[in-house]
Structures are given as structure tokens and as C-alpha cells.
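A.B. asks: In our numbering, the protein residues as written are 12 to 171. A virtual CB, placed ideally from N, CA and C, is assigned to each residue, including glycine. This structure is a prediction, so every number in the text was calculated from the model and none was measured. To start, I am sharing the structure in question, which I have written as C-alpha cells.
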Amino acid sequence: MYDFDSNAENGYNDHLIAEFRRAGVVVFGRTTLDAGQEPWGDDDVFSSPVVVVTHEQRDPVQRNGALFTFISGSAQEILAHARQRANSGSVVIMGSASIIQQFLRADLIDVLMLHQVPVLLGQGTRLFAANGVPAELDLQLFEPGPQVTQVRSTRTGGDG
């Protein structure tokens, strides 16, 4: 969907990336930060501040055109911190299943956007674990593709 070598989108009609680029702040975990270092390189990948959830205390870092701040705490505390940095924009939570699970369990996710790729990993953390919190979702977007299927749902009763 995105060619990091040429720093260009591959022409894929991606509603999710558009919402990501409009975000007031992006939140993800340390694992996502570490995994992204090589593909992101020195490119300006983020158009908004980034909040990294980690148990390691670190000073903020300016990198790739964005300010990365590091925080630990409950999902509610992390969301409050992110909203302060978002300047009235939306908060996008991305990356690892464990971070998403924390926000789902705390009932803090209004819109769930997924990229589904035809790959079976065989291991890793399940996004929808057996001990998760039940929730009803309204499907807003289902756009199948040969390499990526996009799914966007809102929580039932949400304004998405």
C-alpha cells in the first residue's frame, strides 16, 4: 500500500490511511516503534505528534518530522495525555494487539479500523482475545482487495 523506498503511496484507495494522516495525535506501543524504525528510516511518516506507550521512561524525541513522547499508565491516563496533545483532532491508536486490547477493555474505542492481509502468522498476540469485552459494531466500510481488505466499524450507537 505504501512504497517506503520511493516514499510514495501505491495508488491504493485507502480511507484508513487518510484518517491516520488527519489525526491530531497517534498512539502506539514500544513494539510498534521498534518494528517501524527500519521501514520508516528518516522519512516524515507522521504528520502529527506520537505518543508511545512504554514502561521505559524516556525524554521526548523529535524524529521523522514528529515529536515522540513516551508514557505509561492506564488506557484512560494515556488517552487523556493523547487528547491534550491532539489540539482538538482525533486520537488514532495503532499497532500492537496488546495496546488495542487495553483500549477495547476500557471501552475507549469509538471507531475500529482494520487492515486485513492474506497472511497467517501462526503466532503472536490475538487482537480479539477470548477474554475480551463483548461489543456490537456497525460496519461502515468493507473494501476487499487482493492484498489488503479494509474494514471500518463504529461501536453500535457511536457517531463514527
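Please report the distance separating the alpha-carbon of Ala108 from that of Thr136.
C.D. replies: 6 Å
A.B. asks: Thinking C-alpha only, which one of Arg41, Val72, His92 and Leu123 is nearest Glu30?
C.D. replies: The shortest C-alpha separation from Glu30 is found at Leu123.
A.B. asks: For Gly106, is the classification buried or exposed, using 16 other Cβ atoms within 10 angstroms of its Cβ as the cut-off for buried?
C.D. replies: buried
A.B. asks: Ile82 bridges to which residues according to DSSP?
C.D. replies: Val64
A.B. asks: Would Gln112 be called buried (16 or more neighbouring beta carbons within 10 Å of its own) or exposed?
C.D. replies: buried
A.B. asks: Compute the Euclidean distance between the alpha carbons of Val61 and Gln158, then round it to the nearest angstrom.
C.D. replies: Answer to the nearest angstrom: the Cα atoms are 27 Å apart.
A.B. asks: Between the alpha carbons of Gln87 and Val56, how many angstroms are there, rounded?
C.D. replies: 26 Å
A.B. asks: Hey, how far is the Cα of Ser99 from the Cα of Val36?
C.D. replies: 10 Å
A.B. asks: Under the rule that 16 or more other beta-carbon atoms within 10 Å means buried, what is Ala91, buried or exposed?
C.D. replies: In the assembly as shown, Ala91 is an exposed residue. Its beta-carbon has fewer than 16 other beta-carbons within 10 Å.
A.B. asks: Can you tell me where the alpha helix (DSSP H) with Ile186 in it begins and where it stops?
C.D. replies: Residue coverage of the chain in this structure runs from 12 to 171, which leaves residue 186 outside it and unanswerable.
A.B. asks: State yes or no: is the C-beta of Gln127 within less than 7 Å of the C-beta of Thr167?
C.D. replies: In this structure, Gln127 sits away from Thr167, with a CB-CB distance that is not shorter than 7 Å.
A.B. asks: When burial is assigned at 16 or more other CB atoms within 10 Å of the CB, is Gly84 buried or exposed?
C.D. replies: Under this definition Gly84 is an exposed residue.
A.B. asks: On the CB-based measure, 16 or more other CB atoms within 10 Å of its CB, does Ala34 come out buried or exposed?
C.D. replies: buried
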